[in-house]
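Trainee: My numbering applies: residue 49 is where the sequence shown begins, and numbers increase by one. Below is one structure. I have some questions about it.
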Amino acid sequence: MAASYEFPSDLLAGQEELHQVRAELLALLKRLPWSVEPLDGFSDDTGWRKVERPASPGWTEDEQAEVEKLRRRERELAVFVSCHRFWDEVAAEDRMDARTRLKHVHEDEGNDEQKEN
(Lines of atoms letter the chains of each structure in order from A; the text may use other names.)
(Lines give C-alpha, C1' and ligand atoms only; values in the text may rest on other atoms or scores of the structure.)
Protein backbone atom coordinates (compact mmCIF):
# COMPACT_ATOMS: atom_id res chain seq x y z
CA MET A 49 0.00 0.00 0.00
CA ALA A 50 1.25 3.47 -0.85
CA ALA A 51 2.11 5.94 1.87
CA SER A 52 -0.07 8.93 2.56
CA TYR A 53 1.36 12.31 3.46
CA GLU A 54 0.07 15.09 5.66
CA PHE A 55 0.95 18.05 3.48
CA PRO A 56 0.95 21.43 5.26
CA SER A 57 -1.85 23.76 4.17
CA ASP A 58 0.56 26.40 2.82
CA LEU A 59 2.28 23.78 0.65
CA LEU A 60 -1.07 22.56 -0.67
CA ALA A 61 -2.14 26.14 -1.37
CA GLY A 62 1.17 26.89 -3.12
CA GLN A 63 0.84 23.80 -5.31
CA GLU A 64 -2.77 24.62 -6.18
CA GLU A 65 -1.85 28.20 -7.11
CA LEU A 66 1.04 26.86 -9.20
CA HIS A 67 -1.42 24.67 -11.14
CA GLN A 68 -3.71 27.68 -11.65
CA VAL A 69 -0.92 30.02 -12.76
CA ARG A 70 0.42 27.45 -15.22
CA ALA A 71 -3.06 26.89 -16.67
CA GLU A 72 -3.62 30.64 -16.98
CA LEU A 73 -0.23 31.14 -18.64
CA LEU A 74 -0.85 28.30 -21.08
CA ALA A 75 -4.27 29.68 -22.02
CA LEU A 76 -2.79 33.16 -22.53
CA LEU A 77 0.06 31.86 -24.70
CA LYS A 78 -2.40 29.92 -26.86
CA ARG A 79 -4.40 33.13 -27.49
CA LEU A 80 -1.40 35.30 -28.34
CA PRO A 81 0.21 35.56 -31.78
CA TRP A 82 3.04 33.08 -32.39
CA SER A 83 5.73 35.77 -32.33
CA VAL A 84 6.41 38.37 -29.65
CA GLU A 85 7.76 40.77 -32.27
CA PRO A 86 5.86 41.62 -35.48
CA LEU A 87 7.02 39.23 -38.20
CA ASP A 88 5.96 38.29 -41.70
CA GLY A 89 4.32 34.95 -42.25
CA PHE A 90 6.26 32.09 -43.79
CA SER A 91 6.00 28.63 -45.25
CA ASP A 92 8.83 26.10 -45.10
CA ASP A 93 8.56 22.63 -46.61
CA THR A 94 12.27 21.76 -46.68
CA GLY A 95 12.26 19.95 -43.33
CA TRP A 96 10.71 16.63 -42.33
CA ARG A 97 7.33 18.35 -42.13
CA LYS A 98 5.86 21.52 -43.57
CA VAL A 99 5.75 24.51 -41.22
CA GLU A 100 3.53 27.49 -41.91
CA ARG A 101 2.88 30.59 -39.87
CA PRO A 102 0.66 33.56 -40.70
CA ALA A 103 1.98 37.08 -40.26
CA SER A 104 2.25 38.00 -36.60
CA PRO A 105 1.34 41.46 -35.34
CA GLY A 106 3.46 40.75 -32.25
CA TRP A 107 2.41 41.16 -28.64
CA THR A 108 1.33 44.43 -27.11
CA GLU A 109 3.22 45.83 -24.14
CA ASP A 110 0.31 44.80 -21.91
CA GLU A 111 0.42 41.23 -23.23
CA GLN A 112 4.18 41.05 -22.72
CA ALA A 113 3.77 42.37 -19.19
CA GLU A 114 1.03 39.84 -18.40
CA VAL A 115 3.15 36.93 -19.67
CA GLU A 116 6.13 38.16 -17.65
CA LYS A 117 3.97 38.57 -14.52
CA LEU A 118 2.64 35.02 -14.82
CA ARG A 119 6.08 33.57 -15.55
CA ARG A 120 7.54 35.41 -12.55
CA ARG A 121 4.77 34.10 -10.29
CA GLU A 122 5.22 30.59 -11.69
CA ARG A 123 8.93 30.70 -10.80
CA GLU A 124 8.20 32.02 -7.29
CA LEU A 125 5.67 29.26 -6.65
CA ALA A 126 7.90 26.55 -8.10
CA VAL A 127 10.71 27.60 -5.76
CA PHE A 128 8.31 27.84 -2.80
CA VAL A 129 6.90 24.35 -3.42
CA SER A 130 10.20 22.64 -4.22
CA CYS A 131 12.12 24.23 -1.33
CA HIS A 132 9.37 23.97 1.30
CA ARG A 133 10.54 22.84 4.75
CA PHE A 134 8.14 19.87 4.54
CA TRP A 135 10.54 18.03 2.22
CA ASP A 136 13.14 17.88 5.01
CA GLU A 137 10.67 15.75 7.02
CA VAL A 138 10.24 13.19 4.22
CA ALA A 139 12.82 10.42 3.87
CA ALA A 140 14.98 10.92 0.79
CA GLU A 141 13.79 7.67 -0.79
CA ASP A 142 10.14 8.79 -0.40
CA ARG A 143 10.44 12.36 -1.70
CA MET A 144 9.74 11.55 -5.34
CA ASP A 145 6.56 9.69 -4.41
CA ALA A 146 5.51 12.48 -2.04
CA ARG A 147 6.16 15.14 -4.68
CA THR A 148 4.13 13.21 -7.23
CA ARG A 149 1.27 12.84 -4.78
CA LEU A 150 1.36 16.57 -4.02
CA LYS A 151 1.13 17.38 -7.74
CA HIS A 152 -1.97 15.20 -8.06
CA VAL A 153 -3.64 15.78 -4.68
CA HIS A 154 -6.37 17.92 -6.25
CA GLU A 155 -7.23 15.05 -8.62
CA ASP A 156 -7.41 12.61 -5.71
CA GLU A 157 -9.75 14.94 -3.81
CA GLY A 158 -12.05 15.07 -6.84
CA ASN A 159 -12.11 11.28 -7.00
CA ASP A 160 -12.93 11.07 -3.26
CA GLU A 161 -15.87 13.46 -3.73
CA GLN A 162 -17.19 11.37 -6.64
CA LYS A 163 -16.99 8.19 -4.53
CA GLU A 164 -19.03 9.86 -1.75
CA ASN A 165 -21.87 10.78 -4.15
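Note that beta-carbon positions come from the ideal geometry of N, C-alpha and C, so glycine has one too.
Would you report the Cα separation of Pro86 and Glu155, rounded to the nearest angstrom?
Mentor: On the sequence shown, residue 86 is found 38 positions in, with the first residue counted as 1. On the sequence shown, residue 155 is found 107 positions in, with the first residue counted as 1. Going by the C-alpha atoms only, they are around 40 angstroms apart.
Trainee: Measure from the alpha carbon of Phe90 to the alpha carbon of each residue in Pro81, Arg79 and Ala103, then state which is nearest.
Mentor: As a first step, residue 90 must be located in the sequence shown, where it is residue number 42. Ranking Pro81, Arg79 and Ala103 by Cα distance to Phe90 puts Ala103 first.
Trainee: Quick one: residues in its chain with C-beta nearer than 8 angstroms to the C-beta of Glu64, no 5 flanking neighbours on either side, listed in chain order?
Mentor: If you number the sequence shown from 1, residue 64 lands on position 16. Excluding sequence neighbours, Glu64 sits near His154.
Trainee: The alpha helix (DSSP H) with Val129 in it runs from where to where?
Mentor: Reading the sequence shown from its first residue, position 81 is the one you call residue 129. Unbroken alpha helix (DSSP H) run through Val129: Glu109 to Ser130.
Trainee: I need the DSSP call for Ser91, collapsed to helix, strand or coil.
Mentor: The residue given as residue 91 occupies position 43 in the sequence shown. Looking at Ser91 - three-state DSSP - the assignment turns out to be strand.
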